[in-house]
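Protein chains in written order, with this note's numbering: chain E, 144 to 410; chain F, 8 to 309. The next block holds one structure in the form of C-alpha cells; read it before the comments.
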C-alpha cells in the first residue's frame, strides 16, 4: 500500500521504540551478567563463577535429562495416538479424543496438589518419574491434538497407495506418514522442549529435597533466594538458564511462532 | 474399497475405515494422560470436598471450601487481582497489538522479520529469568528509578515491588511487556491475509485510515482477536512463577493470585482441601473463558 514518506518514517520510529521496549529487560540482564562485583570478576568469567557457585552444571544436566525424556516419550506416544484419531474410526474415538483435549487446558496448578500427595504415598516424590511423567501427560495431550489435525489433513491417496502395495498399518505410519509430517513434528518437538525446559511449578513441588534433580529454572529460583551478594552472578545464572531455548528459537523461530499461535485453540 | 463409507457414518467422525487396532495405538498415550493428568484432576475435585492438612485424617468439608473461596478476604482478593492482571496481560496488549499491527500493515516496512523475531522473544524465555530481569528494573536502586531521576521525577522513585499500591500494576506491566509481542505477531499474520481488494473498495468509497481500520481491518481479524484474548487471559491466570519469583504475593497479600494461593495453601499453610478447591475453581474459570471467547470469535466470523 502506498503511504507518504512521513508516515513511513513514523512507522520506523514506532517499530524501533517497540523493539527497544521488548529487548530492554533481556539486554539489561545480559549486560548485568558481564559486570564485575564483589564475587564476580567481570566479563565472561562471571559465567564460570556462576556455574561453580550456583551449581548450574548440575541443574542443566537435570533439565536436559528431563527434557529429552519428556520430548522423546511424548512425541512417540502422540504420533501413535494422533495417527489413530486422525485416520481410523473406532467406537468412542471422538469421546476419547475430547477427554484428552481437556488436558490442553487444565492448568498444572490444579493437578499438582493431588499428584504430590498421591506420589508421596507411593514413595515417588523426589524421583525422576515424579518430575517427568506429569509433564509427559500434559505434552501428550497437546501432541495428540496437534498430530491428529495433521494426519487428518494428510493426503489419503498416499495411504491408499501404500496399502495397495501391501504395506502394513505400522509401516504406513512410520515409513510413509511420519517422514511426510516432519514440519509438524519439528514444531511439536521444539514446543515440548521449551515447555519442559521452562517449567517451574512441577519441579518445585515434585522434587522438594533432591538437589540432583533440580532443573535449571528451579535452580535459578533457589540461587536467587540464597545468593544476595550482588546481582552479576544471578544475572549470569539467568542467562545460562535462558540460552538453550533462545538459541533453538533463533534457528527454528518459524516453528515456535507457528506452533504457539496455531496450536492455541484451533481445531 | 473400504466398506464402512455408508450413509450412517459420516459427520464429525475421522476419515478412514473402522479399525479396532485404533485402541491399541491410543492406549499408551491415554494411559499416561489418564494416570498423571486426568486422575489428578478428578482427585482434586474429590479433595476439594475435605479438610485435610496433608498428614492427619481428613474430615468431610462438603462445599465449605468453596464457600471459603468466596468468603475469605485474602482468596477473594486473589481472584480480584487476577482480574486486574487480565487488563494488563490481555486488554492492554490487544490495544498495543492492534495499533502496531494496523500501522505496520498499512505501510510495507523493511525489517519486519527481524522485528517479529525480537518482539516474540519474551515468549520463549523462562518466566523465572524474566522475573529476575524485572526485579532488577523495579529495585530501589534499579533502572526504573534511575530513569525517573533522570527526568526529574525523583519523588516518584520507590521500591516498586514492595509498594502496596504499585506492586500489582508493576507485575501487570511485566505481563503487558510479555504478551504485546505475541498479540502483534498474531494480528499481523491475520491482517496479511486480508485481500487488498477490500481496501481498494474502501478507498473508492473515500474511507480514511481510521474508517478503513474500523470497517475493513478490525472485522477481518476477529478470529485472531479471539485467539489472542484466549491465550493472554489464560496467561494472566497462570502467573505462578512470576508471582513466586517477584513478590510472593506481597506486600501483605496485595499481589497474591489464585495460582500462587494453590501452592501456598497446600505446601505452606497445610490446607490441602482448600488448595485443591482453588485449583478446581481456576480450571473451571479457564474452561469457561476459553469457551466464551471462542464462541464470540466464531459468531460473525465467516
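Glycine included, every Cβ here is placed at the ideal spot set by N, Cα and C. Please read all numbers here as calculations on a predicted model, not as lab measurements.
- Using beta-carbon distances, residue 254 of chain F does not count as an interface residue toward chain E, since no partner is under 8 Å.
- In the three-state reduction of the DSSP assignment, residue 67 of chain F falls in the strand class.
- For residue 272 of chain F, no alpha helix (DSSP H) encloses it, and the DSSP letter there is neither H nor E.
- Within 10 angstroms of the beta-carbon of residue 369 of chain E lie fewer than 16 other beta-carbons, which makes it exposed.
- Residue burial annotation: residue 234 of chain E is exposed, with fewer than 16 other C-beta atoms found within 10 angstroms of its C-beta.
- By the Cβ test, the region 290-297 of chain E is in contact with the region 324-331 of chain E, since at least three Cβ pairs between them sit closer than 8 Å.
- Taking residue 140 of chain F as reference, the option from E/167, E/240, E/335 with the minimal CA-CA separation is E/167.
- A distance below 6 Å between beta-carbons, with the five flanking residues on each side excluded, links residue 240 of chain F to the following residues of its chain, in chain order: 93, 97, 296.
- Here DSSP, grouped into helix, strand and coil, assigns residue 305 of chain F to helix.
- Taking 9 Å as the Cβ-Cβ cut-off, the region 124-151 of chain F approaches chain E at 124, 125, 126, 127, 128, 129, 130, 131, 132, 133, 134, 135, 136, 137, 138, 139, 140, 141, 142, 143, 144, 146, 150, given in chain order.
- Closer than 8 Å to the CB of residue 404 of chain E there is at least one CB belonging to chain F.
- The residue among E/373, E/392, E/400 with its C-alpha nearest the C-alpha of residue 188 of chain F is E/400.
- Short of 7 Å from the beta carbon of residue 145 of chain F, and not among the five residues preceding or following it, lie these beta carbons of its own chain, in chain order: 151, 167, 168, 177.
- Considered as a whole, the region 194-264 of chain F harbours 203-211, 216-219, 229-244, 247-253 as its complete alpha helix (DSSP H) runs of no fewer than 4 residues, in chain order.
- Looking at the backbone, the Cα of residue 299 of chain F and that of residue 268 of chain F are separated by about 25 Å.
- In the same chain as residue 143 of chain F, and ignoring 5 residues on each side of it, the C-beta atoms closer than 8 Å to its own belong to 149, 150, in chain order.
- Counting every other CB atom within 10 Å of its CB across the protein chains shown gives residue 372 of chain E a total below 16, marking it as exposed.
- In the three-state reduction of the DSSP assignment, residue 165 of chain F falls in the coil class, being assigned neither a helical nor a strand state.
- Taking a Cβ-Cβ cut-off of 7 Å, the neighbours of residue 30 of chain F in chain E comprise 233, given in sequence order.
- Residue-level contact check: residue 168 of chain E touches chain F, since one or more beta carbons of chain F fall below 8 Å from its beta carbon.
- Among the residues of chain E, none has a CB under 7 Å from the CB of residue 153 of chain F; the nearest is roughly 11 Å distant.
- Using a Cβ-Cβ cut-off of 9 Å, residue 283 of chain F is close to 253, 256, 257 of chain E, given in chain order.
- Between residue 252 of chain F and residue 135 of chain F, the beta carbon gap of about 6 Å places them in contact (Cβ cut-off 8 Å).
- For residue 177 of chain E, same chain residues with a beta-carbon under 7 Å away, outside a window of 5 residues either side, are 185, 186, 189 in chain order.
- Contacts with chain E (Cβ-Cβ distance below 7 Å) from the region 284-297 of chain F involve 286, 287, 289, 290, 293, 294, 297, listed in chain order.
- A distance of 8 Å or more separates the beta carbons of residue 285 of chain E and residue 226 of chain E.
- The beta carbon of residue 349 of chain E does not come within 8 Å of any beta carbon belonging to chain F, so the residue lies off that interface.
- For residue 271 of chain F, the closest Cβ of chain E is not nearer than 8 Å.
- Near chain F, meaning a CB-to-CB distance below 7 Å, the residues of the region 151-163 of chain E are 151, 154, 155, 157, 158, 161, 162.
- Taking a cut-off of 8 Å on C-beta distances, the region 246-260 of chain E does not touch the region 311-326 of chain E, as fewer than three cross pairs fall below it.
- For residue 58 of chain F, the closest C-alpha among the options F/68, F/49, F/52, F/186 is that of F/68.
- Interface annotation, residue 196 of chain E: not in contact with chain F, CB-CB separation never under 8 Å.
- Around the beta-carbon of residue 231 of chain E, 16 or more other beta-carbon atoms lie within 10 Å, marking it buried.
- Taking the beta carbon of residue 284 of chain E as reference, the chain F residues within 7 Å of it are 40, 44, listed in sequence order.
- Residue 204 of chain F and residue 302 of chain F have their C-alpha atoms roughly 28 Å apart.
- For residue 310 of chain E, the secondary structure class from DSSP, reduced to helix, strand or coil, is coil.
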